[in-house]
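Visitor: So the protein lines, in turn, are chains A and B. Heads up: the first sequence begins at 1 in the numbering used here, then just goes up one per residue. Heads up: the second sequence begins at 1001 in the numbering used here, then just goes up one per residue. For glycine and all other residues, C-beta sits at the position ideal for the given N, C-alpha and C. What you are looking at is a predicted structure, and each value in this text was computed from that prediction instead of being measured. This is the structure, below, for whatever I ask next.
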Amino acid sequence: MTARRNLALAAKHLALIALLVVMLFPVYVMLKTSVTAFDQLFGWPPSWWPKAWSLANYRDVLVGGYHFGRAYLNSTIIALTTAALSIVFGFLAAYGLSRFRFRARQSLLFVALATQMFSPVVLIVSFYRIMRGYHLLNTYAAVILAESALAIPIALWLLHGYLESIPVDLEEAAMIDGCSRLSSLRHVILPLAAPGIAMAGIYTFIYAWNALIFPLVFLSQSQLYPIPLAMSRFVGQNVVYWNLLMAGGILATVPVALLFSAIQGVFVRGITAGALKG
Amino acid sequence: MTTERTPARSLSRRPSRWAVVRRALHPDHSPVLYLLPAVLFLLLFLAYPILKVLVESLYADILIRPDLGRTFAGLRNYGRLFTDPGVLRALRITVLWTLTSVAGKTLVGFAAALLLQHPFRGRRIYMTLLMIPWVTPVVVAAIAWRWVLDGQFGQLNGLLSALGIIHQPVSWLGQQGTAFVATAVVDMWVGIPFMAMVLMAGLQAVPNELYEAGRIDGATSTQMFSFITLPMIRPILLVATLLSSVWTFNSFQVIWPLTRGGPAGATTTLVVRTFTTAFGSFDFGLAGALATFVFVLLMAVSYGYWRLLQRTG
């Protein structure tokens, strides 16, 4: 019996390792390429281990002539503002939807859900005209407003799921004790909902950090480019600087990975409570 | 006004209109003020653009041909839409591509979830490593894969020739068939962690007593899988695949950096087609009709999803 169980466990490890080898293959290539010098890139067969390690690519990306630091700043501004707008608007609306019962409630929840299924592509045609009409092309505002239109419903949906899991009794007790709804919201709900708010904020931050299509359409001035667009700078006339692309890619991933690891636990719960149970 | 001063007693019986309004808006009793900011924002930046896209689709308007002007075209753009072989091809490619990618994501994600279902030493490490593709920004992932799949010096070519499977480098993204499969595989790669995580959460929710009861009754693990796990996980599986289908259908960030819809349109899905119609040929009328078509399609699926959620939730 134990021998059989050990065999099953070994098979499980083996299957998982095989899966991860495949899943992490591009990650390995990315890491390897990011520490390889440009003149070592194009050889056949491709090497499996860099001959000489060097962090020069990272230095070139960050402080070289590519202004990647500026792209970092652009991405941060866009993602932070989008996350802030999404939390404020999304939290208030989620509170209203989870603590009051009224006729339009179900339809509003449906709209919030339906927008998660949108492709930004559906909106860019008219968004382009609207932003051009308001002279907002080539501004952060255009990107932030458009991203928020899709991020607010996500935040709303996630926070609604989270607030539903907080018992109403706690606020009711506070209100019976003479608290107004607003002050019970502030002193009772807000602290309890903090993990959910962090989750929604980080999710919408990542959403905006990764966005490609709105910046692609709204921004043509290269000093405003967020990271996904700025990566194109490492593609020359006839040559692609894969070493710089990969170093830039890793630098773009690190903040997301750190943020995500901070909320992983809450996030899994939130996704299942919010997105799957309605 | 002054002559109709209401006595204090009747005021307490019938509140003035202002008091009614105030009560309807009061944050203690009404959701209005909580909902207002989000609703206004979404009306302005979501509902209005959608309406505008509908209007757009009724006009003939090619942005780089101002000489032709902007004229009302009725449903002519829709006529063009459904007779354009390029659009029909894009529709076919979208359906096939979505099915391929979602099938891959679901199978691998479910397998991973099953492997990680029960606690064992090292499980957390596997879970963390499995999340890496998910935290990688999609554009970054697509670019990394483009280098992996490079037709000359790509690591995949290196690997396959070291294993003796191929004898000369393959231009994976340069041929129609391989480009289609390769972009679908990259999309799977991006989506597998989410699928695995959601299904794992679903598996955690299956009460352990059921498995224990099964074990007492002498069920084999295959029987336990098909009579306990599968029926219990079905609702979540359904929801996750449906949601994933919609996201895959919408995938732009994977295809655009990899192939721009090429070669020869082999990876041009509806979404890519809409984008190139609007910002490649600047045919805003036709792009509007395409966008509307995609929108209606997605709304129909959303509604089905909503009904499903309400039945299972």
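#1: Exposed or buried, which one is residue 226 of chain A when buried takes at least 16 other CB atoms within 10 Å?
#2: Mind checking which residues open and close the beta strand (DSSP E) that includes residue 1060 of chain B?
#3: Quick one: what's got a C-beta closer than 8 Å to residue 1160 of chain B's C-beta in the same chain, skipping five residues either side?
#4: For chain B, check one thing: does any of its Cβ atoms lie closer than 8 Å to the Cβ of residue 253 of chain A?
#5: Answer yes or no: does any C-beta atom of chain B fall closer than 8 Å to that of residue 33 of chain A?
#6: Residue 1216 of chain B: beta carbon under 7 Å from a heavy atom of the ligand GDP?
#7: Using CA coordinates, which residue listed in A:256, A:103, A:259, A:233 is at the minimum distance from residue 65 of chain A?
#8: Going along the chain, which unbroken runs of the alpha helix (DSSP H) with 4 or more residues stay wholly within the segment 1164 to 1229 of chain B?
#9: Which same chain residues, not among the five before or five after residue 1151 of chain B, have their C-beta less than 8 Å away from its C-beta?
#10: When you check each C-beta in the segment 1237 to 1266 of chain B against every C-beta of chain A, which residues fall closer than 9 Å?
#11: Leaving aside the five residues before and after residue 128 of chain A along the sequence, list all residues of the same chain whose C-beta is less than 7 Å from its C-beta, in chain order.
#12: Do residue 1063 of chain B and residue 1295 of chain B come within 8 Å of each other at the CB atom, strictly closer than that value?
#13: Could you pull out every unbroken alpha helix (DSSP H) segment of at least 4 residues lying fully inside the segment 156 to 186 of chain A, listed in chain order?
#14: Excluding sequence positions up to five away, which residues of its chain have a Cβ less than 6 Å from the Cβ of residue 1239 of chain B?
#15: Starting from residue 1070 of chain B, follow its DSSP beta bridges and name the residues at the other end.
#16: On a CA-only basis, which of A:229, A:19, A:155, A:69 is nearest residue 195 of chain A? Give me that one, please.
#17: Roughly how many whole angstroms lie between the Cα atoms of residue 1309 of chain B and residue 1039 of chain B?
#18: With 8 Å set as the bound, which would you pick, yes or no: does the beta-carbon of residue 1212 of chain B sit closer than that to a beta-carbon of chain A?
#19: Could you work out which residue in B:1305, B:1290, B:1298 is closest to residue 1075 of chain B when comparing CA atoms only?
#20: DSSP three-state call for residue 1283 of chain B: helix, strand or coil?
#21: Are the segment 107 to 122 of chain A and the segment 173 to 190 of chain A touching, with three or more C-beta to C-beta distances below 8 Å?
#22: For the alpha helix (DSSP H) containing residue 1146 of chain B, list its first residue and its last residue.
#23: Using the Cα positions of residue 8 of chain A and residue 1200 of chain B, report the straight-line distance between them to the nearest angstrom.
#24: I'd like to know if residue 1288 of chain B contacts chain E, where contact means its C-beta is closer than 8 Å to some C-beta of that chain.
#25: Does residue 1254 of chain B come out as helix, strand or coil in the three-state DSSP assignment?
#26: Between which two residues does the alpha helix (DSSP H) containing residue 1123 of chain B stretch?
#27: Applying the criterion that 16 or more other CB atoms from any shown protein chain within 10 Å of the CB defines a buried residue, is residue 238 of chain A buried or exposed?
#28: Chain A beta carbons: is any one of them nearer than 8 Å to that of residue 1172 of chain B?
#29: How about the segment 53 to 62 of chain A and the segment 243 to 257 of chain A: do they share at least three Cβ pairs that are nearer than 8 Å?
#30: With C-beta atoms as the reference, is residue 152 of chain A less than 8 Å away from residue 97 of chain A?
#31: Could you pull out every unbroken alpha helix (DSSP H) segment of at least 4 residues lying fully inside the segment 76 to 154 of chain A, listed in chain order?
#32: Beta carbon of residue 1192 of chain B, beta carbon of residue 1231 of chain B: below 8 Å?
#33: Hey, how far is the Cα of residue 192 of chain A from the Cα of residue 201 of chain A?
#34: Can you look up residue 235 of chain A in the DSSP assignment and give me helix, strand or coil?
#35: Any idea if residue 160 of chain A is buried or exposed, counting beta-carbon neighbours within 10 angstroms, 16 or more meaning buried?
#36: Would the segment 33 to 53 of chain A and the segment 1120 to 1134 of chain B be scored as touching if the rule is three or more Cβ pairs under 8 Å?
Guide: Per the coordinate set shown:
#1: buried
#2: 1059 to 1061
#3: 1166, 1170
#4: yes
#5: yes
#6: Within the structure as shown, the ligand GDP is missing, as the structure has no ligands at all.
#7: Minimum Cα distance to residue 65 of chain A is reached at A:233.
#8: 1176 to 1204, 1208 to 1216, 1221 to 1224
#9: For residue 1151 of chain B, where only same-chain residues beyond five positions count, the Cβ hits under 8 Å are 1157, 1169, 1170, 1171, 1172, 1173, 1174.
#10: Cβ contacts with chain A come from 1239, 1240, 1243, 1246, 1247, 1249, 1250, 1251, 1252, 1253, 1256, 1257.
#11: 217
#12: no
#13: 168 to 176, 181 to 184
#14: none
#15: B:1061
#16: A:155
#17: Roughly 23 Å between the two C-alpha positions.
#18: no
#19: B:1290
#20: It is a strand residue.
#21: no
#22: 1138 to 1148
#23: 19 Å
#24: Checking the listed chains, one finds no chain E in this structure; the protein chains it contains are A and B.
#25: coil
#26: 1123 to 1130
#27: So residue 238 of chain A ends up on the exposed side.
#28: By this cut-off, residue 1172 of chain B is not an interface position.
#29: yes
#30: For residue 152 of chain A and residue 97 of chain A, no; Cβs fall outside 8 Å.
#31: 105 to 115, 120 to 133
#32: For residue 1192 of chain B and residue 1231 of chain B, no; Cβs fall outside 8 Å.
#33: 15 Å
#34: strand
#35: buried
#36: no
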